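Read top to bottom, the protein sequences are chains A and B.
Under our numbering, read the first sequence as residues 1 to 114, first letter to last.
Under our numbering, read the second sequence as residues 115 to 224, first letter to last.
C-beta: ideal position from N, C-alpha, C; glycine also.
As the structure is a prediction and not an experimental result, all values here were calculated from the model.
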Amino acid sequence: GAVVSQHPSRVICKSGTSVKIECRSLDFQATTMFWYRQFPKQSLMLMATSNEGSKATYEQGVEKDKFLINHASLTLSTLTVTSAHPEDSSFYICSGRPSYNEQFFGPGTRLTVL
Amino acid sequence: KNEVEQSPQNLTAQEGEFITINCSYSVGISALHWLQQHPGGGIVSLFMLSSGKKKHGRLIATINIQEKHSSLHITASHPRDSAVYICAVPPSYNTDKLIFGTGTRLQVFP
Numbered sequence: 001g002a003v004v005s006q007h008p009s010r011v012i013c014k015s016g017t018s019v020k021i022e023c024r025s026l027d028f029q030a031t032t033m034f035w036y037r038q039f040p041k042q043s044l045m046l047m048a049t050s051n052e053g054s055k056a057t058y059e060q061g062v063e064k065d066k067f068l069i070n071h072a073s074l075t076l077s078t079l080t081v082t083s084a085h086p087e088d089s090s091f092y093i094c095s096g097r098p099s100y101n102e103q104f105f106g107p108g109t110r111l112t113v114l
Numbered sequence: 115k116n117e118v119e120q121s122p123q124n125l126t127a128q129e130g131e132f133i134t135i136n137c138s139y140s141v142g143i144s145a146l147h148w149l150q151q152h153p154g155g156g157i158v159s160l161f162m163l164s165s166g167k168k169k170h171g172r173l174i175a176t177i178n179i180q181e182k183h184s185s186l187h188i189t190a191s192h193p194r195d196s197a198v199y200i201c202a203v204p205p206s207y208n209t210d211k212l213i214f215g216t217g218t219r220l221q222v223f224p
């Protein structure tokens, strides 16, 4: 299957700082990338859908000014958590869609805000 | 009622056993995904199928579109198969999104 990487895999930051997470499709072009978050023992929750070259579409309840998404190329999308708070601590996962119906997931980034 | 339901929620097996995990859905779909999430958190796409059966190594996935049901089978299970298995579907009313099942936590003991 196609490969998606995320960087960093783990990050610890202080409250009030911003953290950027990168999602790359390594062997395919992804016109659409998705960002999810997952709390312990819970299912993935879609945060936003990112289309290359256009603004991301955020799910209801997700603050677009807090979770900045940039999808500047067909192989890279970034999620920036601005002014992070402890409640933002979570597991963030991206996925890329090379074609209709397919999705390939990244390994995830564990964010801990102190 | 959830649109995607999995059973069982938890499953324990001895190494070598044949495992079956079930997924039922109530929405119209054109495909179904089976995903694997290890304790470290990363998600691996195992299968995407829209009809019939697919096999990869010791893993077999089947789907019955009429009955809105899919199964994931693991033959000759091994401790390294211990993970959470998740089925997910893009509903016909919004194929941009995936609806996730609640997952099946599998533990295989040596």
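Exercise for the section: Please check if any C-beta of chain B sits within less than 9 Å of the C-beta of tryptophan 43 of chain A. Expected result: At residue 43 of chain A the sequence reads serine, which differs from the tryptophan that was named. True, the Cβ-Cβ gap to chain B drops below 9 Å.
Exercise for the section: Look at the alpha carbon of leucine 212 of chain B and the alpha carbon of phenylalanine 223 of chain B, and state the distance between them as a whole number of angstroms. Expected result: 32 Å
Problem - Nearest to leucine 220 of chain B (by Cα), restricted to the options B/Leu149, B/Asn178, B/Lys168 - result: B/Leu149
Handout entry: Beta-carbon gap between lysine 20 of chain A and threonine 80 of chain A smaller than 9 Å
Key = yes
Exercise for the section: Assign arginine 194 of chain B to one of three DSSP states: helix, strand, or coil. Expected result: helix
Handout entry: Closer than 9 Å to chain A by CB, glycine 154 of chain B
Key = yes
Handout entry: Closer than 9 Å to chain A by CB, threonine 216 of chain B
Key = yes
Practice task
Assign glutamate 87 of chain A to one of three DSSP states: helix, strand, or coil.
Solution key: helix
Problem - Spatial neighbours of tyrosine 58 of chain A in its chain, beta-carbon cut-off 6 Å, leaving aside the 5 residues before and after - result: Ala48, Lys64
Exercise for the section: Would you verify that the beta carbon of threonine 32 of chain A is, or is not, closer than 9 Å to some beta carbon of chain B? Expected result: yes
Exercise for the section: Using DSSP bridges, identify the partner residues of valine 158 of chain B. Expected result: B/Gln150
Problem - Given aspartate 88 of chain A as reference, the closest of A/Val62, A/Arg24, A/Leu74 once Cα atoms are compared - result: A/Val62
Handout entry: Coarse secondary structure for threonine 216 of chain B, derived from DSSP in three states
Key = coil
Handout entry: For glycine 154 of chain B and cysteine 94 of chain A, the rounded distance between their alpha carbons
Key = 15 Å
Exercise for the section: Note the first and the last residue of the continuous beta strand (DSSP E) segment covering glutamine 38 of chain A. Expected result: 32-38
Exercise for the section: Quick one: which residues of the stretch 125-150 of chain B get their C-beta closer than 8 Å to a C-beta of chain E? List them in chain order. Expected result: The structure shown contains no chain E; the protein chains it does contain are A and B.
Exercise for the section: Please name the residue in A/Tyr100, A/Met33, A/Thr112 whose C-alpha comes closest to that of serine 90 of chain A. Expected result: A/Thr112
Problem - arginine 172 of chain B - DSSP class collapsed to helix/strand/coil - result: coil
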